[in-house]
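Take the position in the sequence shown, starting the count at 1, then add 12; the result is the number in the working numbering.
Don't be surprised by glycine CBs; every beta carbon is placed ideally from N, CA and C.
Worksheet: the structure to be examined is printed underneath.
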Amino acid sequence: MWDPAVPGASDWYAAQPYERTRRALPLPQSDGLRFLFGCETDMDRNRVIGVSPAVAKELDFIIVPTTHLHMNGFTLRGDEGADERARLWIDRFDALLDAPLPFEKVGAAHLTCSLIFGRRTPEVMEKIPTNEYHRLFGKAAARGIGIELNFPAPGTDAPDARVMLLPYRIAREEGCRFYLGSDAHHPEDLLKAKANFEAIVDLLGLTEDDKIPLLLK
Numbered sequence: 013m014w015d016p017a018v019p020g021a022s023d024w025y026a027a028q029p030y031e032r033t034r035r036a037l038p039l040p041q042s043d044g045l046r047f048l049f050g051c052e053t054d055m056d057r058n059r060v061i062g063v064s065p066a067v068a069k070e071l072d073f074i075i076v077p078t079t080h081l082h083m084n085g086f087t088l089r090g091d092e093g094a095d096e097r098a099r100l101w102i103d104r105f106d107a108l109l110d111a112p113l114p115f116e117k118v119g120a121a122h123l124t125c126s127l128i129f130g131r132r133t134p135e136v137m138e139k140i141p142t143n144e145y146h147r148l149f150g151k152a153a154a155r156g157i158g159i160e161l162n163f164p165a166p167g168t169d170a171p172d173a174r175v176m177l178l179p180y181r182i183a184r185e186e187g188c189r190f191y192l193g194s195d196a197h198h199p200e201d202l203l204k205a206k207a208n209f210e211a212i213v214d215l216l217g218l219t220e221d222d223k224i225p226l227l228l229k
């Protein structure tokens, strides 16, 4: 979703305004399940986030990706190599954490997704200094922003497991809280989500105390 009150929507996002998101209302009701009204917005190459203060106030949860580095011309030039994408990963996460957002209901989306650089994404992640991970996730914990767990759980013997899990291990060490995201684009994608979530939780040794406060209410 890109809020029309915020200038700068791409052609793709211009077709997904807030009024389209609001068609989901009213949400279902259930005695055993709490539904939240939220959306995923985006951040353009100028670090503009596509949600206005008025819309942010109305939403229960806002997911902001900083790693949509596949949208040439909108989130980046498109010719950046691994070194520059590593710098973008740092700079865009910093920009999110410095944004005027209600962080108690904001999540940082899929921080290690393949949209960073396709199959070369682990190469990008390995170029990010450990001290920068600690600085950024310490800042994230202070802000109270949620960290999304949204990636295929690697086997412990997978060649890139250490590199791809390191950010989340440091995030937990710095006191961050987490939520699970399936990124399902079709109902069938949800069928394998639960097993993947359980594998991620086991790999990181997470407990109920590691959930974002919004999910503990």
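* To do: Give, in chain order, every unbroken run of the beta strand (DSSP E) that is at least 3 residues long and sits entirely within the region 94-179.
  => Whole beta strand (DSSP E) segments, 3+ residues: 118-121 and 158-161.
* Asked: In chain order, what residues of the same chain lie with their CB nearer than 8 Å to the CB of LYS112, ignoring the 5 residues before and after it?
  -> Mapped onto the sequence shown, residue 112 falls at position 100. Note that residue 112 is Pro in the sequence shown, not Lys. So the list reads PRO65, once near-sequence residues are dropped.
* To do: Using beta-carbon positions only, say whether VAL118 and ILE157 come within less than 7 Å of one another.
  => One-based indexing of the sequence shown puts residue 118 at position 106. One-based indexing of the sequence shown puts residue 157 at position 145. Taking 7 Å as the Cβ cut-off, VAL118 and ILE157 qualify as a contacting pair.
* To do: Excluding the 5 residues preceding and the 5 following PHE86 in the sequence, name in chain order all residues of the same chain whose CB lies nearer than 7 Å to its CB.
  => Here residue 86 refers to the residue found at position 74 when the sequence shown is read from its first residue. The answer, listed in chain order, is SER22, ASP56 and ARG57.
* Is ILE224 helix, strand or coil by DSSP? -> Counting from 1 along the sequence shown, the entry for residue 224 is found at position 212. DSSP, reduced to helix, strand and coil, places ILE224 outside both helices and strands of the structure shown, so it counts as coil.
* Is DSSP giving LEU261 helix, strand or coil here? -> Since the first residue shown for the chain is 13 and the last is 229, residue 261 is missing from the structure and cannot be characterised.
* Between the C-alpha atoms of ILE75 and ASN84, what's the straight-line distance to the nearest angstrom? -> As a position in the sequence shown, residue 75 is number 63, starting the count at 1. As a position in the sequence shown, residue 84 is number 72, starting the count at 1. Going from the Cα of ILE75 to the Cα of ASN84 covers about 21 Å.
* Asked: Whose C-alpha, out of MET176, ILE182 and ALA165, is nearest the C-alpha of ALA152?
  -> Stepping through the sequence shown from its first residue, residue 152 is reached at position 140. For the residues MET176, ILE182 and ALA165, the minimum Cα distance to ALA152 belongs to ILE182.
* To do: Kindly give me the distance between the Cβ atoms of PHE129 and LEU81, rounded to whole angstroms, as I take these residues to be in contact under 8 Å.
  => Here the question's residue 129 lines up with position 117 in the sequence shown. Here the question's residue 81 lines up with position 69 in the sequence shown. PHE129 to LEU81, Cβ: 7 Å. Contact.
* Asked: Thinking C-beta only, is ALA196 closer than 7 Å to LEU202?
  -> In the sequence shown, residue 202 corresponds to position 190, counting from 1. In the sequence shown, residue 196 corresponds to position 184, counting from 1. The answer is yes: Cβ separation under 7 Å.
* Are ARG104 and THR124 touching if we call contact CB-CB under 7 Å? -> Position 92 of the sequence shown, counting from 1, holds the residue named residue 104. Position 112 of the sequence shown, counting from 1, holds the residue named residue 124. Not closer than 7 Å, so no.
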